[in-house]
DNA sequence: AATCTTAATGGTGGACTTCATCATAAATTC
DNA sequence: GAATTTATGATGAAGTCCACCATTAAGATT
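Protein chains in written order, with our numbering: chain A, 6 to 396; chain B, 6 to 396.
1. State the CB to CB distance for the pair residue 86 of chain B and residue 59 of chain B, rounded to an integer number of angstroms; the pair is presumed to be in contact (CB under 8 Å).
2. Apart from the five residues just before and just after residue 42 of chain A, which ones in its own chain have a Cβ nearer than 6 Å to its Cβ?
3. CB-CB under 7 Å to residue 202 of chain A, same chain, minus the five flanking residues each way: which ones, in chain order?
4. Which of the residues in the region 338 to 353 of chain B, read from start to end, lie with their CB under 7 Å from any CB of chain A?
5. Please identify the residue among B:140, B:316, B:304, B:359 whose C-alpha is closest to the C-alpha of residue 341 of chain B.
6. Looking at chain B, is there any beta carbon in it that lies within less than 8 Å of the beta carbon of residue 315 of chain A?
7. Can you give the Cα-Cα distance for residue 351 of chain B and residue 321 of chain B, rounded to whole angstroms?
8. Against chain A, with Cβ distances strictly below 8 Å, would residue 179 of chain B count as a contact?
9. Between residue 396 of chain B and chain A, is there a C-beta pair that is closer than 8 Å?
10. Can you name the start and end residues of the beta strand (DSSP E) that residue 227 of chain A belongs to?
11. Who are the neighbours of residue 218 of chain A on chain B, taking C-beta pairs under 7 Å?
12. Quick one: is residue 247 of chain B near chain A, going by C-beta distance under 8 Å?
13. Using a Cβ-Cβ cutoff of 8 Å, what residues of the region 358 to 380 of chain A are near chain B? List them in chain order.
14. When DSSP labels each residue in this structure, what does residue 99 of chain B get in the three-state scheme?
15. Which class does residue 142 of chain B belong to by DSSP, given the choice of helix, strand or coil?
16. Which same chain residues, not among the five before or five after residue 88 of chain A, have their C-beta less than 7 Å away from its C-beta?
17. Since I believe residue 230 of chain B is in contact with residue 345 of chain B (beta carbons under 8 Å), could you give me their beta-carbon distance rounded to a whole number of angstroms?
18. Strictly under 8 Å for the Cβ-Cβ distance: is residue 291 of chain A near chain B by that measure?
19. Give me the Cα-Cα distance between residue 289 of chain B and residue 263 of chain B, rounded to the nearest whole angstrom.
20. In this structure, what does DSSP give as the bridge partners for residue 153 of chain B?
21. Check whether chain A comes within 8 Å of residue 252 of chain B, counting only Cβ atoms and requiring the distance to be less than that.
22. Once DSSP output is grouped into helix, strand and coil, what is the label at residue 9 of chain A?
23. Based on Cα-Cα distance, which residue from A:132, A:82, A:324, A:359 lies nearest to residue 40 of chain A?
24. Taking only three categories from DSSP, how would you classify residue 65 of chain B?
25. Looking at the strands, I want to know which residues DSSP matches up with residue 119 of chain B.
26. Listing by chain order, which chain B residues have their CB less than 7 Å from the CB of residue 310 of chain A?
27. Let me make sure I understand the geometry here. Which of A:217, A:162, A:148 has the alpha-carbon closest to that of residue 242 of chain B?
28. In whole angstroms, what separates the C-alpha of residue 61 of chain A from that of residue 54 of chain A?
29. For residue 317 of chain A, count neighbouring Cβ atoms within 10 angstroms of its own Cβ and tell me buried if that reaches 16, exposed if not.
30. Alpha carbon to alpha carbon, how far is residue 226 of chain A from residue 277 of chain A? Give it in angstroms, no decimals.
31. Candidates A:184, A:94, A:126: which alpha carbon is nearest residue 117 of chain A's?
32. Flag this pair as yes or no: are the beta carbons of residue 148 of chain B and residue 190 of chain B separated by less than 8 Å?
33. Using the rule of at least 16 other Cβ atoms within 10 Å of the residue's Cβ for burial, across every protein chain shown, is residue 252 of chain B buried or exposed?
34. Closer than 7 Å between beta carbons: that is the criterion. Which residues of the region 136 to 162 of chain A meet it against chain B?
35. Is the shortest distance between the beta-carbon of residue 6 of chain B and the beta-carbons of chain A less than 8 Å?
36. If I measure Cβ to Cβ from residue 397 of chain A and keep anything under 6 Å in the same chain, skipping five residues before and after, which residues do I get?
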């Protein structure tokens, strides 16, 4: 009912102040004591004690004096992002992508390996293992340096991180992905829907950086969606939020097929290239192709407006493979949406490319760590010890 | 990025503890010092000081000793809900309903006045004024006792509380409702969509008390919806969340008309009674009526499943005028939803009746006060002084 | 009716945290 | 080299919480 206001001990106040300082340092970059005192709204003397505590714990390091200022040069302090590592995985239909980042979310290393949708589960898991190993060796980290791993997978992922159902990947439903990766790394592993992570990535570092309420539209041969509200990916009561694709009127699972039979596309074009060819023809002005695109956009708009009317976002981000053809899609989609919405959201194309999901996984991991590690109950734990296992 | 961890002064710690004690007292009812110390996780000595502070401020009062226990009888303390009043208004098409409650949300008085959808704006506002006055005199309160008023109105209400657009009520779009009521009461006035308030009421005190994620379906001659996520009504980027009714495929604005032309209903039945007659006939087993109900339910299910797939609720609550015929609607609607959802939500009928919106308005007001008054920044202000104007 | 048990109450001292203030130190600038 | 600017270090004061102990007030027992 009322939101939890927790006071407590004097030591707790100290913890609160330490966390406040740490948060200010993380958000505002390297700072002097005076700046930090101002941002955290604490006295200099207090901040000094707090910061020296944090340095002992390993969370904060002193930087080389920069000089260039007028008076006595102030010591500058920074958050030690290198204290731990976050691993982001994108397990898609055609590739497995691994990204290692520090606690600030800076990407340190990327590994990618191709897979096919038809591969059996064991082979795909082996590919995941190889990517994880390559990530570790490539970034010079050991398994114990990784504090949390987040894996994005297609399909409906429930609140416990189980892949309940996947249509895009063969033999993948109810795969024990978290256990598999967790056994290898010995850290907490979160599994999330890939669209949701992509949406988060666009919201944090992409086209939606200034927009907390958005719908991410994953368009490709299959279509999916994710919703972000107040900057937080919406999971819903069971993790199925955004799965508008199964609605009987929209049938987004096969909406990509609307882009098949167009005269302008030569017979014999490989299936994966058909859509691109249609877009290309539409770009050139081919009437048949434009008609196909319009039919496709109409269906997409119907589904999108249903979601938009439900959650009233400020922005719709067009992502996924077809977003490369945003120049052809954006305008007609915008026109269609205009006719169906009460408060038509803006429409923009994704900008993060194919590392989108992995970057979102890193963001998700960093934020999860923030919530659990930097917790007022436990205070900032020593940075050297890896965090306790959590889910 | 990181959620705000604010520490601060020693006095701030005291404020935090005072608020923590107050929150515990509000949530847990009257308590002894020992119980309170346990709930707020503070030492008895501390709680004692905090509580005597709160008594001086007027937030807490001592109760009569109850006795009946074994040892020395403990003094029991309670939150002084009577320190202020919250006014909830439901401005509907056919009635204006006013409810006065204390800060605990206990309803003290109710006033109702009939109106018609066709009445001009001035008449409707005059009716609102009369209801407000009757609420004050009826509950023995003066205008300055009312700390906040919340008005529920049909139509699209934006984030600033402006009624942007109303189709159900004539001459109502962009009415300056908050200003009008605020001028009369001299307190903050919030305006919200009525379905959203009804949803909140069901979530706090109705059929959904244990369910934080739900969709409230307002069914009647016109249909509307509202979404509650994690116990919070979803407004969206511009306050239009839940307005699925304007979607071209669902046309919920006139979905009630599907219940018109049924042979079992005698010609000449007044328009308002037709739907009820159809439901009655369907209840008796009339085939034509059952068919009409089924057609109606199909449309409703399409819209509901679109929303459900978007936000993945645990529950759909059937409310509004037609929910009186839930016995006829629930089962077919459940069956239809079953075929369209990935994770089919539970389906229940509203239980709060026609005071639903006003009760939701009170809940909303109480919770808004909790957020603004009981704010760690300002600490618990003296209870006697009415709160500063806020929006 | 006197005594025992139970549990709340009141008070004291100690430990801790934060803050304001002042004198000092280390750079740049003139 | 002096003046200026800014950071640093140290001290004392004030505020807050907690553990502990003796005291008080009621019901339960004999």
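A virtual CB, placed ideally from N, CA and C, is assigned to each residue, including glycine.
This is what the structure gives:
1. The sequence position of residue 86 of chain B within the second chain is 81, counting from 1. The sequence position of residue 59 of chain B within the second chain is 54, counting from 1. Incorrect: roughly 13 Å between the Cβ atoms, too far for contact.
2. As a working note, residue 42 of chain A is residue 37 in the first chain. Excluding sequence neighbours, residue 42 of chain A sits near 49, 52.
3. Taking the first residue of the first chain as 1, we reach residue 202 of chain A at position 197. Contacts found: 157, 362, 365, 366, 369.
4. Within the region 338 to 353 of chain B, the residues whose Cβ lies closer than 7 Å to some Cβ of chain A are 345, 347, 348, listed in chain order.
5. Along the second chain, one-based indexing puts residue 341 of chain B at 336. Checked all of B:140, B:316, B:304, B:359; the closest Cα to residue 341 of chain B is B:304.
6. Within the first chain, residue 315 of chain A is the residue found at index 310, counting from 1. Yes - at least one Cβ of chain B is within 8 Å of the one on residue 315 of chain A.
7. Taking the first residue of the second chain as 1, we reach residue 351 of chain B at position 346. Taking the first residue of the second chain as 1, we reach residue 321 of chain B at position 316. Cα to Cα, residue 351 of chain B sits roughly 6 Å from residue 321 of chain B.
8. If you number the second chain from 1, residue 179 of chain B lands on position 174. Residue 179 of chain B does not count as touching chain A.
9. Mapped onto the second chain, residue 396 of chain B falls at position 391. Bear in mind that the predicted position of residue 396 of chain B carries a pLDDT of just 46, short of 50, making it too unreliable to give a figure here.
10. Residue numbering aside, residue 227 of chain A sits at position 222 when the first chain is read from its first letter. No beta strand (DSSP E) contains residue 227 of chain A, which DSSP labels as neither H nor E.
11. In the first chain, residue 218 of chain A corresponds to position 213, counting from 1. Going along chain B in sequence order, the residues near residue 218 of chain A (Cβ under 7 Å) are 241, 242.
12. Sequence index remark: in the second chain, residue 247 of chain B carries index 242 (1-based). Residue 247 of chain B counts as touching chain A.
13. 372, 375, 376, 379
14. Taking the first residue of the second chain as 1, we reach residue 99 of chain B at position 94. Residue 99 of chain B: coil per DSSP, three-state reduction.
15. Translated into the one-based positions of the second chain, residue 142 of chain B becomes position 137. Of the three classes helix, strand and coil, the one that applies to residue 142 of chain B here is helix, per DSSP.
16. Translated into the one-based positions of the first chain, residue 88 of chain A becomes position 83. Only 63, 64, 108, 388 meet the Cβ criterion.
17. The sequence position of residue 345 of chain B within the second chain is 340, counting from 1. The sequence position of residue 230 of chain B within the second chain is 225, counting from 1. Rounded, the Cβ-Cβ distance is 15 Å, inconsistent with contact.
18. Indexing the first chain from 1 puts residue 291 of chain A at position 286. No, residue 291 of chain A does not count as interfacial toward chain B.
19. The residue given as residue 289 of chain B occupies position 284 in the second chain. The residue given as residue 263 of chain B occupies position 258 in the second chain. Each residue's Cα considered, the two are about 19 Å apart.
20. Sequence index remark: in the second chain, residue 153 of chain B carries index 148 (1-based). As a beta-bridge residue in DSSP terms, residue 153 of chain B pairs with B:91, B:193.
21. Working through the second chain from its first residue, we reach residue 252 of chain B at position 247. True, the Cβ-Cβ gap to chain A drops below 8 Å.
22. Here residue 9 of chain A corresponds to residue number 4 of the first chain, with the count starting at 1. Confidence in residue 9 of chain A is poor, its pLDDT being 48 and thus under 50, which makes the residue's placement too unreliable to answer from.
23. Here residue 40 of chain A corresponds to residue number 35 of the first chain, with the count starting at 1. Nearest C-alpha to residue 40 of chain A: A:82.
24. Within the second chain, residue 65 of chain B is the residue found at index 60, counting from 1. In this structure, residue 65 of chain B counts as strand in the three-state DSSP scheme.
25. Here residue 119 of chain B refers to the residue found at position 114 when the second chain is read from its first residue. Note: residue 119 of chain B is bridge-paired with B:100 in the DSSP secondary-structure output.
26. Here residue 310 of chain A refers to the residue found at position 305 of the first chain. Within chain B, the residues near residue 310 of chain A are 252.
27. Against the second chain, residue 242 of chain B aligns to sequence position 237. Closest option to residue 242 of chain B, Cα to Cα, is A:217.
28. By 1-based counting over the first chain, the position of residue 61 of chain A is 56. By 1-based counting over the first chain, the position of residue 54 of chain A is 49. Roughly 11 Å separates the two Cα atoms.
29. Stepping through the first chain from its first residue, residue 317 of chain A is reached at position 312. Buried, by the Cβ-count rule.
30. Start at 1 with the first residue of the first chain, and residue 277 of chain A comes out as number 272. Start at 1 with the first residue of the first chain, and residue 226 of chain A comes out as number 221. The alpha-carbon atoms of residue 277 of chain A and residue 226 of chain A are separated by roughly 8 Å.
31. By one-based count along the first chain, residue 117 of chain A stands at place 112. For residue 117 of chain A, the nearest C-alpha among the options comes from A:94.
32. Sequence index remark: in the second chain, residue 148 of chain B carries index 143 (1-based). Sequence index remark: in the second chain, residue 190 of chain B carries index 185 (1-based). In this structure, residue 190 of chain B lies closer than 8 Å to residue 148 of chain B by Cβ.
33. Within the second chain, residue 252 of chain B is the residue found at index 247, counting from 1. Looking at its Cβ environment, which holds 16 or more other Cβ atoms inside 10 Å, residue 252 of chain B is buried.
34. 161
35. Taking the second chain and counting its residues from 1, the one referred to as residue 6 of chain B is at position 1. Residue placement at residue 6 of chain B is flagged as unreliable, the pLDDT there being 41, under the threshold of 50; a coordinate-derived value is accordingly withheld.
36. Since the first and last residues shown for chain A are 6 and 396, residue 397 of chain A lies out of range.
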